[in-house]
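Note sheet for the following structure.
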Amino acid sequence: MRIQLVAATALVSLTAASVAFAGLPKTKALAIMHERHEGMEKIGDTNKLLRREIISSSPFMPAIQSGAATIAGLSVRANGWFPKGTGPELGKTGAKPEIWQKPQDFTAKLRSFQAAAQAFNAAARSGDMNAIKARYADLGGSCKACHDSYRAEMHH
Amino acid sequence: MRLVHWLLAALIPFSWWSVKNHHTDWHIWSGITILTLLIFRLLWGFVGSSTARWADFVRGPRAVLGYLRGGWRGTGHTPLGAISVVAMFGAVAVQVGLGLVAEDEDGLYTGPLAGLVSIDTSDAARDIHEQWFYVILGLVVLHLAAILFYRLRGQGLTWPMITGRARAAPGTTAMRPGKWWVALICLAVALAISRWVVAGAPPFSPS
Numbered sequence: 002m003r004i005q006l007v008a009a010t011a012l013v014s015l016t017a018a019s020v021a022f023a024g025l026p027k028t029k030a031l032a033i034m035h036e037r038h039e040g041m042e043k044i045g046d047t048n049k050l051l052r053r054e055i056i057s058s059s060p061f062m063p064a065i066q067s068g069a070a071t072i073a074g075l076s077v078r079a080n081g082w083f084p085k086g087t088g089p090e091l092g093k094t095g096a097k098p099e100i101w102q103k104p105q106d107f108t109a110k111l112r113s114f115q116a117a118a119q120a121f122n123a124a125a126r127s128g129d130m131n132a133i134k135a136r137y138a139d140l141g142g143s144c145k146a147c148h149d150s151y152r153a154e155m156h157h
Numbered sequence: 006m007r008l009v010h011w012l013l014a015a016l017i018p019f020s021w022w023s024v025k026n027h028h029t030d031w032h033i034w035s036g037i038t039i040l041t042l043l044i045f046r047l048l049w050g051f052v053g054s055s056t057a058r059w060a061d062f063v064r065g066p067r068a069v070l071g072y073l074r075g076g077w078r079g080t081g082h083t084p085l086g087a088i089s090v091v092a093m094f095g096a097v098a099v100q101v102g103l104g105l106v107a108e109d110e111d112g113l114y115t116g117p118l119a120g121l122v123s124i125d126t127s128d129a130a131r132d133i134h135e136q137w138f139y140v141i142l143g144l145v146v147l148h149l150a151a152i153l154f155y156r157l158r159g160q161g162l163t164w165p166m167i168t169g170r171a172r173a174a175p176g177t178t179a180m181r182p183g184k185w186w187v188a189l190i191c192l193a194v195a196l197a198i199s200r201w202v203v204a205g206a207p208p209f210s211p212s
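Respectively, the protein sequence lines represent chains A and B.
Take 2 as the starting number for the first sequence in our numbering and just add one per residue.
Take 6 as the starting number for the second sequence in our numbering and just add one per residue.
Okay, here's the thing in structure tokens:
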């Protein structure tokens, strides 16, 4: 599982890097932006469901486990969501230009989100509610850390 | 009473600033504090000083027209000002109510009562909460414009609102101040209700 993840991550990163290097055709860039938007929205919606389960006095464990797996999966997909040329210069997006101006910091924050998502997924599978709550708080912190710097307000 | 006013005057801009600058946690606590102030003001309007009582200063349309024709003598809110007080109180109360059940776009923050409603309702409450701010902003602008209008007509309202002292027109009855221990009870009740809301309003909180 872990090896598959790492392989998938590497593959997606490579693809993203090569596409960015070659310069992105507009239709391709717009398709990525769309996928990014849908993916981020899915993460947010899943998070809302998770939050309600986790603060509930009788959480429904299968719902937490399925939500955690969804976010962990999407977090890996996020590797391919931010190639150069998919910023606000191309179309409506919540992605700020700073993503491509400070790529090292952005990538570090993306990695920390991915690590938090994997850790939360592991906690969910263990079924230990205390660990789930702690890792869930870490996950929320990693979302916020990145969004505070790199996500613009967007109304759709 | 005046303290409530100035706290609101500080907390409403603070609420706006904090949520625009990634301090949603401060924003929520600011909203809870505003809730406490509103409950206090509501109660004080029944048992507080004469000029604070709803029954004493909220008048009908005839009194408002009479005031506009210059036939009103009294202390405290004018009949026209009373409409402004009720409108601003109501608008802020609606805003707090929406905030209590709202959640942010990412689902990272929820109002303390968001668990009582569905996710869709909570998201809708956030959207209205964002737009409703402009209603409050409009009322505040009107409020400030009115103060400026009275100033230009030679009646300063700001200083009395700070010191509590105003020159009464001859022939008016002076205000009857409220009792300090009644204020303390109102504050205690307001704090207790706010704490209950923060706790998710048991026993209605989600099981």
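Idealized CB from N, CA, C, for every residue including glycine.
Report all residues from its chain with a CB closer than 7 Å to the CB of F19 (chain B); omit the five preceding and five following residues, and keep chain order. Taking the second sequence and counting its residues from 1, the one referred to as residue 19 (chain B) is at position 14. For F19 (chain B), where only same-chain residues beyond five positions count, the Cβ hits under 7 Å are S35.
Exposed or buried, G95 (chain B), counting other C-beta atoms within 10 Å across all chains shown (16 or more means buried)? By 1-based counting over the second sequence, the position of residue 95 (chain B) is 90. Per the 10 Å Cβ criterion, exposed.
Pull up the distance between the alpha-carbon of A146 (chain A) and that of K25 (chain B), whole angstroms please. Locating residue 146 (chain A) in the first sequence gives position 145, counting from the first residue. Locating residue 25 (chain B) in the second sequence gives position 20, counting from the first residue. Each residue's alpha carbon lies about 15 Å from the other.
Under 7 Å Cβ to Cβ from L50 (chain A), same chain only, skipping five residues before and after it: list those, please. Walking along the first sequence from the start, residue 50 (chain A) turns up at place 49. A64, G68, listed in sequence order.
Alpha carbon to alpha carbon, how far is G161 (chain B) from G45 (chain A)? Give it in angstroms, no decimals. Counting from one through the first sequence, the residue named residue 45 (chain A) turns up at place 44. Counting from one through the second sequence, the residue named residue 161 (chain B) turns up at place 156. Answer to the nearest angstrom: the Cα atoms are 51 Å apart.
Taking its Cβ as the centre, do 16 or more other Cβ atoms sit within 10 Å of F45 (chain B), making it buried, or is it exposed? As a position in the second sequence, residue 45 (chain B) is number 40, starting the count at 1. Buried is the call here.
Residues within the region 96 to 118 of chain B neighbouring chain A, beta-carbon criterion of under 8 Å: E108, E110, D111, G112, L113, T115
Cβ neighbours of A107 (chain B) in the same chain (closer than 7 Å, five flanking residues each side left out): The residue you call residue 107 (chain B) lines up with position 102 of the second sequence. So the list reads G116, A119, S127, A130, R131, H134, once near-sequence residues are dropped.
By Cβ distance, which residues of its chain are closer than 7 Å to S143 (chain A), with the 5 residues on each side in sequence left out? Translated into positions along the first sequence, residue 143 (chain A) becomes position 142. Taken in chain order, the residues that qualify are S113, F114, A117.
Sub-8 Å separation of M93 (chain B) and A57 (chain B) beta-carbons: Residue numbering aside, residue 93 (chain B) sits at position 88 when the second sequence is read from its first letter. Residue numbering aside, residue 57 (chain B) sits at position 52 when the second sequence is read from its first letter. Result no, Cβ atoms of M93 (chain B) and A57 (chain B) do not sit closer than 8 Å.
Closer than 7 Å at the beta carbon, the chain A residues around H27 (chain B): The count along the second sequence starts at 1 and reaches residue 27 (chain B) at position 22. Those are D149, listed as they occur along chain A.
Own chain partners of N122 (chain A) with C-beta closer than 7 Å, once the 5 adjacent residues on each side are dropped: Indexing the first sequence from 1 puts residue 122 (chain A) at position 121. Closer than 7 Å at Cβ, skipping near neighbours: A69, A70, A73.
List, in order along the chain, the chain A residues whose C-beta lies closer than 7 Å to that of I133 (chain B)? By one-based count along the second sequence, residue 133 (chain B) stands at place 128. Under the 7 Å cutoff, chain A gives no residues; its nearest Cβ is about 13 Å from I133 (chain B).
Using CA coordinates, which residue listed in B:L147, B:G75, B:W137 is at the minimum distance from V101 (chain B)? To locate residue 101 (chain B), count along the second sequence from 1; it is residue 96. Nearest option by C-alpha distance: B:W137.
Rounded to whole angstroms, what's the CA-CA distance from I133 (chain A) to S57 (chain A)? Just pull it up for me. The residue given as residue 133 (chain A) occupies position 132 in the first sequence. The residue given as residue 57 (chain A) occupies position 56 in the first sequence. Each residue's alpha carbon lies about 13 Å from the other.
On the three-state DSSP scale, how would you describe T87 (chain A)? Position 86 of the first sequence holds residue 87 (chain A). Three-state result, T87 (chain A): coil.
Proximal chain B residues relative to I133 (chain A), where beta-carbon distance stays under 8 Å: As a first step, residue 133 (chain A) must be located in the first sequence, where it is residue number 132. The premise fails here: I133 (chain A) is roughly 16 Å from chain B at the closest Cβ pair, so nothing lies under 8 Å.
I need the straight-line Cα distance from G128 (chain A) to F51 (chain B), nearest angstrom please. The sequence position of residue 128 (chain A) within the first sequence is 127, counting from 1. The sequence position of residue 51 (chain B) within the second sequence is 46, counting from 1. Between G128 (chain A) and F51 (chain B), the C-alpha separation is close to 52 Å.
G120 (chain B) versus chain A: which residues are under 7 Å apart at the beta carbon? The sequence position of residue 120 (chain B) within the second sequence is 115, counting from 1. The answer, in chain order, is R53, I56.
Reference I33 (chain B); option with closest CA among B:P208, B:S199, B:F209, B:D61: The count along the second sequence starts at 1 and reaches residue 33 (chain B) at position 28. Closest option to I33 (chain B), Cα to Cα, is B:S199.
From the beta carbon of I124 (chain B), is the nearest beta carbon of chain A less than 8 Å away? The sequence position of residue 124 (chain B) within the second sequence is 119, counting from 1. Output row for I124 (chain B): interface = yes.
Using beta carbons (cut-off 8 Å, strictly below), is F83 (chain A) in contact with chain B? Residue mapping note: residue 83 (chain A) aligns to position 82 of the first sequence, counting from 1. No, because no Cβ of chain B sits closer than 8 Å to the Cβ of F83 (chain A).
Shorter than 8 Å from the beta carbon of G68 (chain A) to some beta carbon of chain D? This model lacks chain D altogether, as its protein chains are A and B.
Assign V146 (chain B) to buried or exposed, taking buried as 16 or more other Cβ atoms, counted over all protein chains shown, within 10 Å of its Cβ. Taking the second sequence and counting its residues from 1, the one referred to as residue 146 (chain B) is at position 141. V146 (chain B) comes out exposed.
CB contact below 8 Å: K43 (chain A) versus chain B: Locating residue 43 (chain A) in the first sequence gives position 42, where the first residue counts as 1. K43 (chain A) does not count as touching chain B.
In the structure shown, what three-state DSSP assignment does E54 (chain A) receive? The residue given as residue 54 (chain A) occupies position 53 in the first sequence. Of the three classes helix, strand and coil, the one that applies to E54 (chain A) here is helix, per DSSP.
How would you call G112 (chain B), buried or exposed, if buried means at least 16 neighbouring beta carbons within 10 angstroms? Here residue 112 (chain B) refers to the residue found at position 107 of the second sequence. With 16 or more Cβ atoms within 10 Å of its Cβ, G112 (chain B) is classed as buried.
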